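Residues in the sequence shown are numbered from 204 upward in steps of one, following my numbering.
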Amino acid sequence: MIQYIEMQQREEKAHLLEQFFRLRKHVFCDTLGWVPPSPDGLENDEFDDRFNIVIVNVDEQTGMVDGGVRLMPTTGPTLLHKVWPDMLPDPDAFRSADIWEATRFCVGNLSNTTRKRNFVNRATLALSLSVLEFCSANGISHVVGVCEKKFFDMQRVYGTRAEIISSKIDENGVAISCGLWQTGRKARSQIAWAKPFLGGVEPVLLSRAA
Numbered sequence: 204m205i206q207y208i209e210m211q212q213r214e215e216k217a218h219l220l221e222q223f224f225r226l227r228k229h230v231f232c233d234t235l236g237w238v239p240p241s242p243d244g245l246e247n248d249e250f251d252d253r254f255n256i257v258i259v260n261v262d263e264q265t266g267m268v269d270g271g272v273r274l275m276p277t278t279g280p281t282l283l284h285k286v287w288p289d290m291l292p293d294p295d296a297f298r299s300a301d302i303w304e305a306t307r308f309c310v311g312n313l314s315n316t317t318r319k320r321n322f323v324n325r326a327t328l329a330l331s332l333s334v335l336e337f338c339s340a341n342g343i344s345h346v347v348g349v350c351e352k353k354f355f356d357m358q359r360v361y362g363t364r365a366e367i368i369s370s371k372i373d374e375n376g377v378a379i380s381c382g383l384w385q386t387g388r389k390a391r392s393q394i395a396w397a398k399p400f401l402g403g404v405e406p407v408l409l410s411r412a413a
């Protein structure tokens, strides 16, 4: 089931945030080697303290976070502009109230191979659709982000297709791409069949301009 975490809900949903940070540590520190872990054994960065919306997928059987993503407006500092400016042909063109950045998209692993395959499909679909629905509900027309190339390949199978802006091999030998997603009706309709995976949760509406 999808859960939205707004800035004012961080204390109330601190247990979900901690699980998300722990999952990020497993994916981005232990597996990909992109960043060092925080001293507390989690994965945090400076952008977690800035205005953002975190979306997590919670396993309905265990109650544990098994996937998540962070959304930030590009009108302020972003991870993309700071860490991967070389992947933007014109960085200023990707600063707009209509464009938000998706970062730290991650899904956990399960030991059972068959269930893992099904789980990844379900969690990734739920998160992908919830991002599109949140953006559409709040007048955000595009989402930009850097992910492993295989993530974009997987999304094409599901029906969501990003415009690939650039690609490269990172310092750890991982193929990554920068993609731009449209969030309109056509994009949402391509994976609308995954709506039951959201658990009946509607996207939050921003109470103020970001």
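Beta carbons are placed, not taken as given, at the ideal position from N, Cα and C, and that holds for glycine.
All values reported here derive from a predicted model rather than from experimental measurement.
Item	Value
Cα-Cα separation between Pro276 and Val407, rounded to whole angstroms	15 Å
C-beta contact flag for Ser369 and Pro294 at 9 Å	no
7 Å CB neighbourhood of Phe234 in its chain, flanking five on each side removed	Per the sequence presented here, residue 234 reads as Thr, with Phe not at that position. The answer is none, since no qualifying residue turns up.
Contact between the stretch 216 to 234 and the stretch 265 to 275 (3+ Cβ pairs under 8 Å)	yes
Pro276 (DSSP reduced to helix, strand or coil)	strand
Proximity winner among Gly387, Lys371, Leu332 and Ala397, relative to Ile302 (alpha-carbon distances)	Gly387
Span separating the alpha-carbon of Ala398 from that of Val259	One detail in the question is off: residue 398 reads as Lys in this sequence, not Ala. Each residue's alpha carbon lies about 15 Å from the other.
Residue burial classification, His345 (beta-carbon count within 10 angstroms, cutoff 16)	buried
Inter-residue CB distance, Asp329 and Ile205 (contact presumed, cutoff 8 Å)	The question names Asp, but residue 329 is Ala in the sequence shown. At roughly 6 Å, the Cβ-Cβ gap stays under 8 Å, so Ala329 and Ile205 are in contact.
Ile372, buried or exposed, once every other Cβ within 10 Å from all chains shown has been counted against 16	exposed
CA nearest to the CA of Ile379, picked from Ile394, Gly348 and Leu409	Gly348
Cβ neighbour criterion (16 or more within 10 Å) applied to Gln358	buried
Ser333 beta carbon less than 9 Å from that of Val404	yes
Nearest-angstrom beta carbon gap, Thr327 and Arg273 [assumed within contact, 8 Å]	Not confirmed; about 15 Å, so no contact.
Proximity to Pro280 [Cα-Cα], best of Met290, Phe254 and Thr265	Phe254
DSSP state of Leu283 mapped onto helix, strand, coil	helix
Glu221, buried or exposed, once every other Cβ within 10 Å from all chains shown has been counted against 16	exposed
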